[in-house]
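Chemist: Protein chains in written order, with our numbering: chain A, -19 to 32; chain B, 275 to 615.
For every residue, glycine included, the Cβ atom is placed at its ideal position computed from N, Cα and C.
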Amino acid sequence: VSDTVSASNVLISLILFTLIYVALFLVFILLLDQKVRKGPLPEDLVVAKEGS
Amino acid sequence: MNPEFYNVVWYLLVGVLLTGYAILDGFDLGVGALHLFTRGDRNRRIFLNAIGPFWDGNQVWLVTGGGALFAAFPHVYATAFSGFYLAFILLLFTLIFRGVSIHVRSLREHPAWRRFWDWAFGISSILASFLIGVALGNIAWGVPLDTQFRYHGVLWQQLHPYALLTGVTVVALFVMHGAIYLVLKTEGELNRQVRGWVRPTIIFFVIMYLMITLATLLYLPRMAEPFRNNPVLFLVPIASVLAIANIPREVHRGREFWAFVSSGAAMLFLLGLFAIGMFPELIHSRPDAANSMTAFNASSSQKTLQVMLLMAVIGVPLVLGYTFHIYRIFRGKVELDSMSY
Chain A
-19 VSDTVSASNV LISLILFTLI YVALFLVFIL LLDQKVRKGP LPEDLVVAKE
31 GS
Chain B
275 MNPEFYNVVW YLLVGVLLTG YAILDGFDLG VGALHLFTRG DRNRRIFLNA
325 IGPFWDGNQV WLVTGGGALF AAFPHVYATA FSGFYLAFIL LLFTLIFRGV
375 SIHVRSLREH PAWRRFWDWA FGISSILASF LIGVALGNIA WGVPLDTQFR
425 YHGVLWQQLH PYALLTGVTV VALFVMHGAI YLVLKTEGEL NRQVRGWVRP
475 TIIFFVIMYL MITLATLLYL PRMAEPFRNN PVLFLVPIAS VLAIANIPRE
525 VHRGREFWAF VSSGAAMLFL LGLFAIGMFP ELIHSRPDAA NSMTAFNASS
575 SQKTLQVMLL MAVIGVPLVL GYTFHIYRIF RGKVELDSMS Y
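#1: Give the residues of chain A in contact with R382 of chain B, contact being defined as C-beta atoms less than 7 Å apart.
#2: Got a sec: is the Cβ-Cβ distance from I(-5) of chain A to anything in chain B below 8 Å?
#3: Measure the alpha-carbon distance for L488 of chain B versus T353 of chain B and round it to whole angstroms.
#4: Under the rule that 16 or more other beta-carbon atoms within 10 Å means buried, what is L592 of chain B, buried or exposed?
#5: In chain A, which residues lie with their C-beta within 7 Å of the C-beta of V374 of chain B?
#6: If you measure between the beta carbons of F423 of chain B and A572 of chain B, is that distance less than 8 Å?
#7: So, is the C-beta of L360 of chain B closer than 8 Å to a C-beta in chain A?
#8: With three or more beta-carbon pairs closer than 8 Å as the criterion, would you say the region 306 to 319 of chain B touches the region 14 to 31 of chain A?
#9: Looking at the structure shown, is M613 of chain B part of a helix, part of a strand, or coil, going by DSSP?
#10: Any beta carbon of chain A sitting closer than 8 Å to that of G589 of chain B?
#11: Roughly how many whole angstroms lie between the Cα atoms of H558 of chain B and M613 of chain B?
#12: Along the chain, where does the alpha helix (DSSP H) that runs through E524 of chain B open and close?
#13: Closer than 7 Å by beta-carbon distance: list the chain B residues that pair up with D78 of chain A, in chain order.
#14: Under 8 Å between beta-carbons, which chain A residues line up against V378 of chain B? List them in chain order, please.
#15: Does any CB atom of chain E fall closer than 8 Å to the CB of S514 of chain B?
#16: Using C-beta distances below 7 Å, list every residue in its chain close to F531 of chain B, excluding the 5 sequence neighbours before and after it, in chain order.
#17: Below 8 Å on the Cβ atoms is my guess for M450 of chain B versus I476 of chain B; work out the distance and round it to an integer in Å.
#18: Is D(-17) of chain A buried or exposed, if buried means 16 or more other CB atoms sit within 10 Å of its CB?
#19: For G357 of chain B, which residues in chain A fall below 9 Å Cβ to Cβ?
#20: Answer yes or no: does any C-beta atom of chain A fall closer than 8 Å to that of F347 of chain B?
#21: Could you tell me which chain A residues have their CB closer than 8 Å to the CB of F625 of chain B, listed as they occur along the chain?
#22: I need the DSSP call for E555 of chain B, collapsed to helix, strand or coil.
#23: Check whether the Cβ atoms of I370 of chain B and F395 of chain B sit closer than 8 Å, and answer yes or no.
#24: By the 10 Å Cβ neighbour count, where 16 or more other Cβ atoms means buried, how is V581 of chain B classified, buried or exposed?
#25: By the 10 Å Cβ neighbour count, where 16 or more other Cβ atoms means buried, how is L343 of chain B classified, buried or exposed?
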C-alpha cells in the first residue's frame, strides 16, 4: 500500500482512464464506419500485375 | 576515480535528456498553442503537418528522461511520480488528447469535428506545457518531504504562485520556440503571418523570464548561490540573453534555420541555468531542506550507475543519429498531399 497515493486518487485515475478509453473507442468506431461506407478508392481496386 | 563522479555524470545526463525533450517537444507544443491563432483549414493543416513527422519521436525524449531518472535516481522517480500523481495523470491525459487530435482531426470533413479537435489540440498543448512548468517550479520551490523522502501534500498545494509563474514561463518559452519553428516550415502568406508572431512571442517570454528571475532571486536565494561563489557561471545567463537577442536578427536576415538554432541554444542555456541553481538537488524539500533529494542521497548503487553509463555511451549516439536523420529527411517547407494529417 502506497503511503502517498491515496485510494481516492487511484479511483479517480481509474475512472478517468475508463472514460477516455470508452470515448476513444467510440471515435474509432465512428471513423471505421465512415471508412467502410466510403469503400476503397477506384485506383486501389486495380489488380497489380505480378512482379510489378 | 572519485566515487561521486558517476552521480554527477548522471545528474548531467538526466538534465541533457530532459533538455533535449524541452527543445524538441517544446516547438511542437508551441505549435499546438499557436494552432488556434491561425484561421482557415489549410493553414491549420499546414501547422499540423509541420510537426507531423516529428512530434511523437520528440515525446520519446520524455520517456528516455523518465527512464533514466527511474534507473539512476529511483528514489526521485518514486517520490515525484507518487507525490505528483494527479498532476502527472493530468499531464498524461493532455498528451493522449494531443496525440489523438493530431491523428483524427483531418479524417472527417465535418467543420464541427475539425473545430472540436482543433480546440482539443490547442488546449491540451498549452496545458501540457503549463504542467511541465509547474513541475519545474515545484522541485525548485520545494515540496513537503519527510526523512523517508515521502511526499506529504495534495494537488492544490502544488499550484502556488511560484509554480504558476514557472508554468506560464514554460508556455511562453514553448510558444516562442514554436513560432520560430513555424517560420522555418511555412511559405507565402502564412509565412508572413507567423513571422509577425516572432516578436510578440519573444517579448512575452522575456517579460516572463524577468519575472521568474526576480522571483527566484527574492524567494530562492540558494539558487543564486553557485553564481555568487563562482562568477564565471554568469556566462550562462549572459549566453541565454544573447541567444534570445539573436533570434529577431536572424529572422530579419531571412536565416530561418539559424533563428531556430538560436532559440534551441537559448533553451539549453536556460535549463543549464536551472540545473546550476539546483545542483546537486533534484527535488528541494520545504520546510525541512535537510530532506531534499540530491544526486548523492537518492541515486542507485555505483555499480548500476557505471553499467548504465556504458549503455548510455552506446545508446545516446544512436538516438542522436536517427533524430538527426529524421530531421534531415523531412527538412524544408510543408507540402500537403493525400498522406498528410
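Modeler: This is what the structure holds:
#1: Q14
#2: no
#3: 29 Å
#4: exposed
#5: L4
#6: yes
#7: yes
#8: no
#9: coil
#10: no
#11: 47 Å
#12: L509 to H526
#13: This structure leaves residue 78 of chain A out entirely; chain A is present only between -19 and 32.
#14: V7 and L11
#15: Given the protein chain composition of this structure (A and B), no chain E is represented.
#16: L458
#17: 6 Å
#18: exposed
#19: T(-16) and V(-15)
#20: no
#21: Residue 625 of chain B cannot be examined here, being either before or after the span of chain B that is shown, 275 to 615.
#22: strand
#23: no
#24: exposed
#25: buried
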